[in-house]
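Enquirer:
2 protein chains.
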Amino acid sequence: MPVAKGTSLDPARTRDAILASATELLYERGLDGAGVADLCSAVGASKETLYRHFGSKDGLIEAALEARSERVLRWLTGAAEAAGDAPAARLAAIFDALGGWYAEPGFRGCAIVNSAVQHHHAAPVRAVAGRHLDRYLHLLIDIAERAGADHPRRLARQLLMLIEGATVLADHAGTDARGSAASDARQAALDLLHAVTYRQK
Amino acid sequence: MPVAKGTSLDPARTRDAILASATELLYERGLDGAGVADLCSAVGASKETLYRHFGSKDGLIEAALEARSERVLRWLTGAAEAAGDAPAARLAAIFDALGGWYAEPGFRGCAIVNSAVQHHHAAPVRAVAGRHLDRYLHLLIDIAERAGADHPRRLARQLLMLIEGATVLADHAGTDARGSAASDARQAALDLLHAVTYRQK
DNA sequence: CAATCATCGAACCGATCGGTACTATCTTCC
DNA sequence: GGAAGATAGTACCGATCGGTTCGATGATTG
Chain L
1 MPVAKGTSLD PARTRDAILA SATELLYERG LDGAGVADLC SAVGASKETL
51 YRHFGSKDGL IEAALEARSE RVLRWLTGAA EAAGDAPAAR LAAIFDALGG
101 WYAEPGFRGC AIVNSAVQHH HAAPVRAVAG RHLDRYLHLL IDIAERAGAD
151 HPRRLARQLL MLIEGATVLA DHAGTDARGS AASDARQAAL DLLHAVTYRQ
201 K
Chain C
1 MPVAKGTSLD PARTRDAILA SATELLYERG LDGAGVADLC SAVGASKETL
51 YRHFGSKDGL IEAALEARSE RVLRWLTGAA EAAGDAPAAR LAAIFDALGG
101 WYAEPGFRGC AIVNSAVQHH HAAPVRAVAG RHLDRYLHLL IDIAERAGAD
151 HPRRLARQLL MLIEGATVLA DHAGTDARGS AASDARQAAL DLLHAVTYRQ
201 K
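Protein chains in written order, with the UniProt record's numbering: chain L, 1 to 201; chain C, 1 to 201.
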């Protein structure tokens, strides 16, 4: 959404527009591949406006990553809850949702993890990534606990490894093979869940 | 190893020294974080020498990544073979080796995958990453076949997801928790292998 | 000794980038 | 209608970077 010239209608709207546009462009081109001028022209804003709202490019990056993290977790939590109460169904729903994401044309891996790799030195970016993985983990811990796993946190870490690993592999696969990354991971995840459930009974 | 002033003793030696130094510095600081001047001063070479041997920074990057990929695969293949013929033992040995790597002070994730993320647009870097994952996959397919898995390639992909996912998580864990990333992944990998073996009998 | 080659060190170039400053314009509010 | 605030657009600045060039130095070879 382009921002009109003298729009003082709602500064928050301007901020949101910049944030939404930047979130996409930073994912598409990478943190260093998208210059401040690019981020401005993509949304039709001026540099002054961008710097007034976010202080610096790094500030914008942090805000954009935080927004994306919340959106992703909301999306996956919703997908899991929509699948009912059965842990296996919830887990399967997460991988199915991921499979849909992998198949999208602009898929380039996990934006948060990618950003942490690109700015490995930047503490704020690493912090956002840490919180993101932590939120992810809690979603999986909940499933592992519902399944009655004897070590739910460990199972959750293993499931998160499958998710992040599948995301990496999907990013390196041809567009055709990305779907199998999600279904392979899904099967492995259900196997792990199954092993835990069986082992207990 | 610094290069002496008029050393025409062995140009190949000069090339190797630059390559080895660059491989480390590019991993430590990232592809864009290490400038050509940094890469030169790190090994005591001049820009002219670097450009004569590698043509461009991208050329050096490709050569460094290719060298690292071969080294990593040689290392893991050796670790697997040293563990004997039993598939489970070979698999466990790989994760144990990875655990040692995760615990090293300078660990920053998988250099190849990180590079592909940083230069997502660069076809040569993506190609090196693709070959790297392919070599990795073949190492795991060999184990999966020896274990008698009914779908060895699928199992290998799942194991590779665990490895790459564990590497990502280890990179985001505190130095203390990196060991558990490897052991968690190891347990999950053996569970998957076990499930396949059992299912068959 | 002379020619050749690889190399270092430093200067240099053009491009790009993050960030700042200024002006003109538009909207809102009083 | 006039003041105040938000904005676009543009020019600009200093720093950094990849890459080139050149002169001086030392080792190798015949």
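Idealized CB from N, CA, C, for every residue including glycine. Please read these numbers as outputs of a predicted model, since none were measured by experiment.
Which of the residues in the region 169-200 of chain L, read from start to end, lie with their CB under 7 Å from any CB of chain C?
Expert: Hits within the stretch, in order: L169, H172, D184, A185, A188, D191, L192 and A195.
Enquirer: Assuming contact is defined by CB atoms lying nearer than 8 Å, are L159/C and L190/C in contact in what I supplied?
Expert: Not a contact, by the Cβ cut-off of 8 Å.
Enquirer: In three-state DSSP terms, what is A12/L?
Expert: DSSP places A12/L in helix when its eight states are reduced to three.
Enquirer: Does any residue of chain C bring its CB to less than 8 Å from the CB of E104/L?
Expert: For E104/L, the answer is no, since every Cβ of chain C falls outside 8 Å of its Cβ.
Enquirer: What residues from chain L crowd round G35/C, counting only those whose CB sits closer than 7 Å?
Expert: Ordered by position in chain L, no residue passes the 7 Å Cβ test against G35/C, which lies about 13 Å from the chain.
Enquirer: May I ask which residues mark the beginning and end of the alpha helix (DSSP H) holding F54/C?
Expert: Here the alpha helix (DSSP H) through F54/C covers K47 to F54.
Enquirer: Are any of the Cβ atoms in chain L nearer than 8 Å to that of M1/C?
Expert: For M1/C, the predicted structure reports a pLDDT of 40, less than 50, and the residue's modelled location is therefore unreliable. The matter cannot be settled from this model.
Enquirer: Thinking C-beta only, is I112/L closer than 8 Å to A65/L?
Expert: For the sequence presented, residue 65/L should be read as Leu rather than Ala. The answer is yes: Cβ separation under 8 Å.
Enquirer: In the DSSP assignment, the alpha helix (DSSP H) including H138/L goes from what residue to what residue?
Expert: That run of the alpha helix (DSSP H) goes A123 to R146.
Enquirer: Counting pairs of beta carbons, one from the region 96-107 of chain C and one from the region 165-183 of chain C, are three or more of them closer than 8 Å?
Expert: Verdict: yes, contact present.
Enquirer: Whose Cβ in chain L lies nearer than 8 Å to the Cβ of R131/C?
Expert: Those do not exist, as R131/C stays about 10 Å from chain L at its closest Cβ, beyond 8 Å.
Enquirer: Going residue by residue through the region 72-109 of chain L, where are the continuous beta strand (DSSP E) segments of at least 3 residues, counting only ones entirely within it?
Expert: Those beta strand (DSSP E) runs which fall completely within the region 72-109 of chain L and span 3+ residues do not exist here.
Enquirer: Taking the alpha carbon of D184/C as the reference point, which residue from T197/L, E164/L, R154/L and T167/L has its own alpha carbon closest?
Expert: Considering only alpha carbons, the answer is R154/L.
Enquirer: Cβ of V117/L within 8 Å of Cβ of E62/L?
Expert: No, the pair does not count as a contact, with Cβ atoms beyond the cut-off.
Enquirer: Should V117/L be flagged as near chain C, meaning a C-beta pair shorter than 8 Å?
Expert: For V117/L, the answer is yes, since a Cβ of chain C falls inside 8 Å of its Cβ.
Enquirer: Are any of the Cβ atoms in chain L nearer than 8 Å to that of R68/C?
Expert: Answer no: the Cβ-Cβ gap between R68/C and chain L never drops below 8 Å.
Enquirer: Just to confirm my understanding: we take A103/C, look at its own chain, exclude 5 residues before and 5 after, and list those with CB closer than 7 Å. What are they?
Expert: R178 and G179, listed in sequence order.
Enquirer: Nearest-angstrom Cα distance between V36/L and A188/C?
Expert: Their backbone Cα atoms lie some 43 Å apart in a straight line.
Enquirer: Helix or strand or just coil, what does DSSP make of A177/L?
Expert: Of the three classes helix, strand and coil, the one that applies to A177/L here is coil, per DSSP.
Enquirer: Chain C beta carbons: is any one of them nearer than 8 Å to that of H120/L?
Expert: Output row for H120/L: interface = yes.
Enquirer: Pick helix, strand or coil for L31/L, following the three-state DSSP scheme.
Expert: It is coil, neither helix nor strand.
Enquirer: Which value, in whole angstroms, describes the spacing of the CA atoms of V72/C and A127/C?
Expert: Using only the alpha carbons, I get a separation of about 17 Å.
Enquirer: Suppose the cutoff is 7 Å on Cβ atoms and the five residues either side in sequence are ignored; what does the same chain contact list for A22/C look like?
Expert: So the qualifying residues of the chain are L39, L60 and A64.
Enquirer: Put H194/C into one of helix, strand or coil per three-state DSSP.
Expert: Looking at H194/C - three-state DSSP - the assignment turns out to be helix.
Enquirer: List the residues of chain L whose Cβ lies closer than 8 Å to the Cβ of R157/C, in chain order.
Expert: In chain order: L169, S180, A181 and D184.
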